[in-house]
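Right, one structure below, let's go through it.
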Amino acid sequence: MTNQQPADHSTADWSTADPIEYGQYQDSSGVNYWSLDRVLQRELDAVMDPDTLSWACPRLRSFGKQVGTIVAEHAPVIDEHGPELQTYDRRGEVINDVQYRPEQLENEQITYCDHGIVADSFTPPADRDDPLPLTHNLAMQYLLSYADPGFDCPVAMTAGVALVLEKFADVSPNSGRLWEYYDRLTSTAPDEQIEGAMFLTEKQGGSDVGANETTATYDDEAGVWRLTGEKWFCSNIDAEGTLALARTPGSPEGTDGLSMFLVPHTTENGALNEQVYRRLKDKLGTISVPTGEVELDGAEAYLVGTETEGFRQMAEMLNLERLSNAVASCGIMGRALLESKIHAANREAFGTALDDHPLMQVDLVDMAVDHEAATAFVFDAAAAFARREEAARDVRGDSDHTPGDPVDEEAYQLMRLLTPIAKARTARMAVDTASYAMEIRGGDGYVRDYVTHQLFRDAQVLPIWEGTENILSLDVLRALERERAHGPALARIDGRLEAVTDDRLADDVEVVRAASHDLGETLAALATADDEYAQRAAKELLQFIFETYTAALLLKRAQSGLDKGTAREAAVARRFIDRHLRNRTAGGIADDDRLPLDAFQAIVRFEPLDPERLRR
1 MTNQQPADHS TADWSTADPI EYGQYQDSSG VNYWSLDRVL QRELDAVMDP
51 DTLSWACPRL RSFGKQVGTI VAEHAPVIDE HGPELQTYDR RGEVINDVQY
101 RPEQLENEQI TYCDHGIVAD SFTPPADRDD PLPLTHNLAM QYLLSYADPG
151 FDCPVAMTAG VALVLEKFAD VSPNSGRLWE YYDRLTSTAP DEQIEGAMFL
201 TEKQGGSDVG ANETTATYDD EAGVWRLTGE KWFCSNIDAE GTLALARTPG
251 SPEGTDGLSM FLVPHTTENG ALNEQVYRRL KDKLGTISVP TGEVELDGAE
301 AYLVGTETEG FRQMAEMLNL ERLSNAVASC GIMGRALLES KIHAANREAF
351 GTALDDHPLM QVDLVDMAVD HEAATAFVFD AAAAFARREE AARDVRGDSD
401 HTPGDPVDEE AYQLMRLLTP IAKARTARMA VDTASYAMEI RGGDGYVRDY
451 VTHQLFRDAQ VLPIWEGTEN ILSLDVLRAL ERERAHGPAL ARIDGRLEAV
501 TDDRLADDVE VVRAASHDLG ETLAALATAD DEYAQRAAKE LLQFIFETYT
551 AALLLKRAQS GLDKGTAREA AVARRFIDRH LRNRTAGGIA DDDRLPLDAF
601 QAIVRFEPLD PERLRR
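Put into structure tokens, the structure is as follows:
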């Protein structure tokens, strides 16, 4: 059996397209990931301007096909034979040469140059007046992560460095030089395009960035800064444009004393920079991105922005990196779910297909609901981020505006709260989903011959990259305290609940409304609590915000679906609410909950669902 390509659908008709018969596919490669992912189509339909989305759809469809065929075919080869580092030549001279397989170079051509994954969200494509919103870049990262989440790491960092230079190059001493790097980071020309990276972690500090010991001194003769120190976990180690934090003479301790620098792989005169790529890490997963240790020994560097403002400036990149991490999580969940659906439709056990068994139907429904919940939350957060960045671009020419300051205050508050939550929750969900997809495959899922092996290994880094759950939980507390982000979030929850008018959703709305009330009271109590208590409760708070906010978001999607005559999205919302917010007796065992079985065809295969079946 060979995989057949599904009919392509634009986001305009995702809700009325025919059900997907997963039994027609052999496995989850050789297909168009965009065409098969109606959840992504729906979310972009909800958060992107219709005209922009209409322009973007053919690009996303083409990219989904290339990722589902070529990149997915290359991924296991690269995973088995990843990049190799040669630090020294035969004479003992430092060459810092990372060798990539030709499959990886072809992936880069497809992604950066043919489809403009970074370029199109920073510079207007040939037939547009404006760049695409960053939600487009994140949607492409999502699709890329179906095949190779490791490769998405350099893509995300390239976009992140471009974002930082766009914001701060003009106020930098070497402005012209930094804009040259920006132009190359956002280029689609193969002979010009370069990648970016950020080197934060140091051996003695880990997540404590303020413990940074790398120093920067100014070289008057050369007109550049010189960085000296050690960076311990450097992904995309040989990127041509790397951002690093260092401490200038006389600067204070902690994060307040850090400055940001762009450290090139090669200097302006074409020589190798004064740094040593000591070794590559022997990682569990994400093999396609070379991660290693770097010793900076007077490396040439350019100050970015204002001295001692480096940590605040790096946070601008970190927000995008965390959203990139979250869309990678959703992409892994989407691929794991697709693989599980196809296997369950084709595999027979005890005389019938796996997906005819009630236990498997419940499992697939819950995997699908988790994927939809995660994707809805992440793209809602991404929309707030993109809105804030678009507003910042509009005023960047204003001489009274300080670069990096909030422009759209509500979007900034929402982004600050939702981004760490999105990263923390989806990363853990990706690990759980990938793990269960491996279990559905059985013993085959545990060996390298099947994609579940790679998905699980790649997923495991996502709770670590860009901040662990503890770090992110503390960041949520800061967003609530400093940015007063609870106001817009609670208002967004209540506004969505008010928009749900179908009486068949009334009970669900009341459950979420009660949760929103409890959330408000919890936030008020934490506002007056001591720091120790607040920190101890931070993880539970993060999860509670995620569950309540997502439930309201899914209910709004449910109302839209009912308006179109289908209850599929309502079934998804109800299942999420039942599992996370509705009180259930005896752990749910005694409840007569048949929703996963009654709505299996609708939730898993996108079959229309009669709204009358929602009534309890």
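According to this note's numbering, the sequence shown holds residues 1 to 616 in order. Every residue gets a Cβ at the ideal spot worked out from N, C-alpha and C, and that includes glycine. Note that the structure is predicted; figures quoted are calculated from it, not measured.
Check your understanding: Grouping DSSP H, G and I as helix and E and B as strand, with all else coil, what is Q619?
Key -> No answer is possible for residue 619: the residues shown for the chain start at 1 and end at 616.
Check your understanding: Considering only C-alpha positions, which residue in the set Y33, E166, C153, P83 is nearest to D394?
Key -> With respect to the C-alpha of D394, the residue from Y33, E166, C153, P83 having the closest C-alpha is E166.
Practice item. Identify every run of the beta strand (DSSP E) within the region 233-289, keeping only runs that are complete inside it and at least 3 residues long; order them along the chain. Key: Listed in chain order, the beta strand (DSSP E) elements of length 3 or more contained wholly in the region 233-289 are 241-247, 258-264, 275-280.
**Study point:** Rounded Cβ spacing between A411 and R388 (contact assumed at less than 8 Å)
**Key:** With 8 Å as the limit, A411 and R388 qualify as a contact, their Cβ atoms being about 4 Å apart.
Review point. Taking DSSP as the reference, what is the three-state secondary structure of E348?
Key: In this structure, E348 counts as strand in the three-state DSSP scheme.
Check your understanding: Which partner residues of K231 appear in the DSSP bridge assignment?
Key -> K231 is bridged by DSSP to V294.
Check your understanding: Any idea if L284 is buried or exposed, counting beta-carbon neighbours within 10 angstroms, 16 or more meaning buried?
Key -> The residue in question, L284, is exposed, as its Cβ has fewer than 16 Cβ neighbours within 10 Å.
Check your understanding: Helix or strand or just coil, what does DSSP make of D97?
Key -> Of the three classes helix, strand and coil, the one that applies to D97 here is strand, per DSSP.
Check your understanding: To the nearest angstrom, how far is it from the Cα of L53 to the Cα of R61?
Key -> One C-alpha to the other measures close to 12 Å.
Exercise for review: Have a look at the DSSP bridge pairing and note the partners of Q650.
Suggested key: The displayed coordinates of the chain run from 1 to 616. Any statement about residue 650 would go beyond what the structure contains.
Point to revise | Environment of I589 [buried if 16+ CB atoms lie within 10 Å] | key: Caution is warranted here: a pLDDT of 49 is assigned to I589, below 50, making its placement in the model unreliable, and the coordinate value is therefore given only provisionally. Exposed, because fewer than 16 other Cβ atoms sit within 10 Å of the Cβ of I589.
**Study point:** Candidates E300, D518, N236, of which the one nearest E221 by Cα
**Key:** Closest option to E221, Cα to Cα, is E300.
Review point. Tell me which same chain residues have a C-beta within less than 7 Å of the C-beta of T286, skipping the five on either side of it?
Key: Excluding residues up to 5 positions away in sequence, P149, G150, C153, D458, V461 lie with their Cβ nearer than 7 Å to the Cβ of T286 in the same chain.
**Study point:** Beta carbon of T228 nearer than 7 Å to that of N319
**Key:** Taking 7 Å as the Cβ cut-off, T228 and N319 do not qualify as a contacting pair.
Check your understanding: V447: buried (16+ other C-beta within 10 angstroms of its C-beta) or exposed?
Key -> V447 should be labelled exposed.
Review point. Helix, strand or coil: which one does DSSP assign to F199?
Key: In this structure, DSSP gives F199 an extended state, which the three-state scheme calls strand.
Review point. Mind checking whether T267 and A246 have CB atoms under 7 Å apart?
Key: No.
**Study point:** Secondary structure of E466, DSSP reduced to three states
**Key:** Coil, per DSSP.
Review point. Can at least three beta-carbon pairs, one atom from the region 55-71 and one from the region 346-365, be found at a separation below 8 Å?
Key: These segments do not touch.
**Study point:** Closest residue to D27 among G270, I464, G331, I342 (Cα-Cα distance)
**Key:** Cα-wise, what sits closest to D27 is I342.
**Study point:** Residues of its chain near D97, where Cβ-Cβ distance is below 6 Å and the 5 sequence neighbours each way are ignored
**Key:** Excluding residues within five positions, the ones whose Cβ falls inside 6 Å are Q86.
Review point. Is the distance from the Cβ of M367 to the Cβ of T433 below 7 Å?
Key: For the 7 Å CB-CB criterion, M367 and T433 form a contact.
Review point. Which residues does DSSP pair with E300 in a beta bridge?
Key: Per DSSP, R226.
Exercise for review: Decide if the region 19-35 is in contact with the region 325-343; the criterion is three or more beta carbon pairs, one per stretch, under 8 Å apart.
Suggested key: With the cut-off at 8 Å, the region 19-35 and the region 325-343 touch.
Review point. What do you get for G176, buried or exposed, if any count of 16 or more other CB atoms within 10 angstroms of its CB means buried?
Key: Exposed, since its Cβ has fewer than 16 Cβ neighbours within 10 Å.
Review point. Leaving out the 5 sequence neighbours to the left and right, which residues in its chain are closer than 6 Å to N174 when beta-carbon positions are compared?
Key: Here the set comprises Y302.
Check your understanding: Among A491, A169, V155, which residue has its Cα nearest to the Cα of G310?
Key -> When each option's Cα is compared against that of G310, the closest is A169.
Practice item. Helix, strand or coil for A552, going by three-state DSSP, please let me know. Key: If DSSP states are grouped into helix, strand and coil, A552 belongs with the helices.
Review point. Alpha carbon to alpha carbon, what distance is there between G68 and D488?
Key: Looking at the sequence provided, one finds Pro at residue 488 rather than Asp. Cα to Cα, P488 sits roughly 38 Å from G68.
Practice item. Return the bridge partner residues of T186 from the DSSP annotation. Key: According to the DSSP secondary-structure assignment, T186 is paired through a beta bridge with no residue.
Point to revise | Own chain partners of G298 with C-beta closer than 7 Å, once the 5 adjacent residues on each side are dropped | key: Close CB contacts of G298 within its chain, under the 7 Å cut and outside five residues either way in sequence, are with R226, T228, E274 (chain order).
Practice item. Measure the beta-carbon distance from S235 to V289 and round it to whole angstroms, keeping in mind my assumption that it falls under 8 Å. Key: The beta-carbon separation of S235 and V289, rounded to 5 Å, stays under the 8 Å limit for a contact.
Practice item. Measure the Cβ-Cβ separation of A485 and R416 and say whether it is below 7 Å. Key: In this structure, R416 lies closer than 7 Å to A485 by Cβ.
Check your understanding: Would you call the region 124-142 and the region 98-110 touching, i.e. three or more CB-CB distances under 8 Å?
Key -> As far as the Cβ criterion goes, the region 124-142 does not touch the region 98-110, which means the pair count is below three.
Check your understanding: For D444, which beta-bridge partners are listed by DSSP?
Key -> DSSP lists no beta-bridge partner residue for D444.
Point to revise | Whole-number beta carbon distance between A373 and F576, since they are thought to touch under 8 Å | key: In this structure F576 touches A373 by the C-beta definition: roughly 5 Å separates them, less than 8 Å.
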